[in-house]
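Below is one structure, written out as structure tokens; comments come after it.
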Amino acid sequence: MNALLIYPEFPETYWSFKHALKFVGKRAAQPPLGLMTVAALLPAAWKKRLVDTNVEPLRDRDLKWADVVLLSGMHIQRESLLEIVERCRARGLRTVVGGPIASSVPAAELKADHVVIGEAESLIAGLARELEAGTARPVYQAAERPEMTASPLPDLSLIKMRRYSTMAVQYSRGCPFNCEFCDIIEIYGRRPRTKAVAQVLAELDQLRAAGWREAVFIVDDNFIGNKARAKELCVALAEWRSQYKTSFDFNTEASLNLADDPELMQLMKDAGFISVFLGIETPDESGLIAANKLQNTRRSLLESVATIQSYGMQVMGGFILGFDTDKEDIFDRMVDFIQKSGIPIAMVGLLQAMPGTQLFRRLWREGRILDAGDGDNTDVKLNFLPNMDATRLVEGYQSVLKRIYSCEAYYERVKLYLSRTHPRPGKGNTRQQWLTKSNARAFVTSIVRQGVFGRQRWSYWRFVLTVGTRYRHCVGAAMTLAVMGYHFQVMTQKLSKAIDSATQPAEPGEILLNETGRHAL
Ligand code: B12
Ligand code: SF4
Numbered sequence: 020m021n022a023l024l025i026y027p028e029f030p031e032t033y034w035s036f037k038h039a040l041k042f043v044g045k046r047a048a049q050p051p052l053g054l055m056t057v058a059a060l061l062p063a064a065w066k067k068r069l070v071d072t073n074v075e076p077l078r079d080r081d082l083k084w085a086d087v088v089l090l091s092g093m094h095i096q097r098e099s100l101l102e103i104v105e106r107c108r109a110r111g112l113r114t115v116v117g118g119p120i121a122s123s124v125p126a127a128e129l130k131a132d133h134v135v136i137g138e139a140e141s142l143i144a145g146l147a148r149e150l151e152a153g154t155a156r157p158v159y160q161a162a163e164r165p166e167m168t169a170s171p172l173p174d175l176s177l178i179k180m181r182r183y184s185t186m187a188v189q190y191s192r193g194c195p196f197n198c199e200f201c202d203i204i205e206i207y208g209r210r211p212r213t214k215a216v217a218q219v220l221a222e223l224d225q226l227r228a229a230g231w232r233e234a235v236f237i238v239d240d241n242f243i244g245n246k247a248r249a250k251e252l253c254v255a256l257a258e259w260r261s262q263y264k265t266s267f268d269f270n271t272e273a274s275l276n277l278a279d280d281p282e283l284m285q286l287m288k289d290a291g292f293i294s295v296f297l298g299i300e301t302p303d304e305s306g307l308i309a310a311n312k313l314q315n316t317r318r319s320l321l322e323s324v325a326t327i328q329s330y331g332m333q334v335m336g337g338f339i340l341g342f343d344t345d346k347e348d349i350f351d352r353m354v355d356f357i358q359k360s361g362i363p364i365a366m367v368g369l370l371q372a373m374p375g376t377q378l379f380r381r382l383w384r385e386g387r388i389l390d391a392g393d394g395d396n397t398d399v400k401l402n403f404l405p406n407m408d409a410t411r412l413v414e415g416y417q418s419v420l421k422r423i424y425s426c427e428a429y430y431e432r433v434k435l436y437l438s439r440t441h442p443r444p445g446k447g448n449t450r451q452q453w454l455t456k457s458n459a460r461a462f463v464t465s466i467v468r469q470g471v472f473g474r475q476r477w478s479y480w481r482f483v484l485t486v487g488t489r490y491r492h493c494v495g496a497a498m499t500l501a502v503m504g505y506h507f508q509v510m511t512q513k514l515s516k517a518i519d520s521a522t523q524p525a526e527p528g529e530i531l532l533n534e535t536g537r538h539a540l
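20 is the number of the first residue of the sequence shown in this note's numbering; add one for each residue after it.
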């Protein structure tokens, strides 16, 4: 069998990092690890090719070569995925769709011949047999979530590694918490399952052998979901890194209670973690309680963030507007919090009720669901009726983005973060401190785009001067952040234009929703 694995295109969003990736000559942030894992699970005798449409076009000759097409994706990739499925159907090619989208979009809507809901490890052998025999069923779903020790070494040979800015390695799946809006726990469960440490080291060895020397994202839902196992891995990572003069930096996602465990933060620092994404969600405690995000309550969120930053880890934060508890002052409070936090990359989104979540079920019972959403929480399309006036919510959201991504505000946050990180002396230096080949390229492009042609060039040069005089110990991180800021500024301008043009119709009452409850935007 010739199996063609295809990853659909992402739309341009805050998360696509598209405008920053250009600076470093990359086409996408990360490779499709799900498909690389599925490829490794398919029979060894099958021939495999992988086309990630985010980094290369899908050619007719690839389709001609294939006997079966396997697609993966997130809800947000739906449009591109449906187009590809249609293209395959037109050629009479069999299609199999899996990945998170299969948990969010009903199988019938995906239009594929076969849909696989959930993780593939335990069912792929049966699916492959039935595909060969021509007896494959329309829908597959494993009865139980597999242990991650069953997950194979992802097939790295299938991707064009140099086109990505980061490589991905997964240690665990699932998260023990129970946030109302979260679909992670619905898809991957609340019992964190981890690979064996040796499996992760084998993946790192594979990356090193292939010549990779840049960042690695440990793509766990919550890296510290099982703290004991996280510590075990960190110790092994530190030892693994110490064999090499320069090695990878690690990034990951974790819950905020990381700040309560100095031992774990120290071990992460020693292991080479330079950033961590935290779901902070809102500075309003009543919103956190209502969303059942109790691990973020009864604490100073600002102090927790500063504690983690003091271990040399940049904090990236996820924030949500649109909780039922949000009052008119939430927009100012959000901006104030983000500015004081020293979180340069603040991902602020509008609440989305993802299908399958507890939030979706509650809002459905309350008669407030408008549609299944599109998986993008930054495109101002609400899929439920919020408590606050919808137009006001979108205006407030726009004002938050404009304020936090103004050049001045953004650089202030970067400087605050830099002032809180400490240089790491001697061996094991992380690459964020120095100008490496890739961030040197970013630096040069950034000077031209932001320093010469940018509209905010004076703010930019003031920032560069401050970095040159006060934060030379982390110049690499500073320049990377300058480039990322450019992406967020471009995205904020684009989003504002989209909102402004939609908010000037003759009838201002119809800004977001029309009488049928469908989106006007
Ligand atoms: C790394 C990551 C990213 C990376 C990009 C990774 C990439 N190249 O795709 C970044 C940080 C850029 C990102 C961004 C976003 N992400 Co993201 N991301 C993840 C994360 C943490 C890990 C993905 C991964 O590599 N997993 C490891 C692989 C092995 O797991 P897997 O893909 O699930 O694959 C398994 C099964 O699904 C199945 N399978 C997968 N594909 C296929 C195909 C076939 C044919 C078969 C049979 C089986 C199969 O088998 C695999 C092995 O068991 C996941 C969470 C998670 N646990 O997966 C969220 C997740 C995928 N992201 C999510 C979201 C919402 C987003 C954003 C839309 C966020 C936003 N608000 O804007 C953006 C969109 C990106 C954009 N450009 O706009 C959601 C998707 C929800 C959904 N139902 O679709 C997830 C599940 C997390 C969440 N709930 O918040 N993301
Ligand atoms: S902490 Fe994050 S991953 Fe865990 S349940 Fe809450 S939102 Fe989901």
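Here a beta-carbon is modelled for each residue, glycine too, at the ideal position from N, C-alpha and C.
Computed from a predicted model, the values in this text were never measured in an experiment.
Return the Cβ separation of Q417 and I518 in integer angstroms, given the expectation that the two are a contact with Cβ distance under 8 Å. 5 Å
Once you ignore the five residues that flank S305 on each side, which residues in its own chain have a CB closer than 7 Å to its CB?
T344
- Task: Give the DSSP-derived three-state secondary structure of D71 in the structure shown.
- Result: strand
- Message: Please tell me whether F403 and A372 are closer than 8 Å, where the distance is taken between their beta carbons.
- Response: yes
Do V509 and H133 have their CB atoms nearer than 8 Å? No.
Item to check | V158: first and last residue of the uninterrupted beta strand (DSSP E) it sits in | outcome: 158 to 160
Exercise for review: Grab me the residues of L256's own chain with a C-beta within less than 6 Å of its C-beta, minus the 5 sequence neighbours each way, in chain order.
Suggested key: These residues qualify, in order along the chain: A290.
Practice item. Put L389 into one of helix, strand or coil per three-state DSSP. Key: coil
Exercise. May I ask you to check if the CB of K83 is nearer than 7 Å to at least one heavy atom of the ligand SF4?
Key: no
- Residues sharing a beta bridge with K66, DSSP: N21
Which residues does DSSP list as the beta-bridge partners of M186? Note: M186 sits in a beta bridge opposite V235.
* Below 8 Å, can you find three or more Cβ-Cβ pairs linking the region 324 to 340 to the region 359 to 372? -> yes
Discussion item. So within the region 326 to 354, which uninterrupted beta strand (DSSP E) runs reach at least 3 residues, ignoring any that extend past its ends?
Written reply: 333 to 340
Would you say L101 and V70 are within 8 Å of each other, going by their C-beta atoms?
no
Does the distance between the C-beta of F342 and the nearest non-hydrogen atom of the ligand SF4 fall short of 7 Å?
F342 Cβ: outside cutoff for every heavy atom of the ligand SF4.
Problem set entry | Candidates M503, I243, A169: closest to F286 by CA position | Looking at the sequence provided, one finds Leu at residue 286 rather than Phe. Taking only the C-alpha atoms, the option nearest L286 is I243.
query: Do you know whose CA, among K264, P30, D355, lies nearest T301's CA?
result: Of the candidates K264, P30, D355, the residue whose Cα lies closest to the Cα of T301 is D355.
Three-way DSSP call (helix, strand, coil) for R192 in this model = strand
Secondary structure at E272, three-state DSSP: helix, strand or coil? strand
Whole-angstrom distance between R113 and F292, CA atom to CA atom
42 Å
#### Entry: Cβ-heavy atom distance, T499 to the ligand B12, below 7 Å
no
Can you tell me which residues form a DSSP beta bridge with V115? L89, H133
- Item | Beta-carbon contacts of Y33 that lie in its chain and below 7 Å, excluding the five residues immediately before and after | M366, T397, F507, M510
_Is any non-hydrogen atom of the ligand SF4 found closer than 7 Å to the C-beta of A289, if you look at the structure I gave you?_
Here residue 289 turns out to be Asp, not Ala, going by the sequence shown. False, no ligand heavy atom lies under 7 Å from that Cβ.
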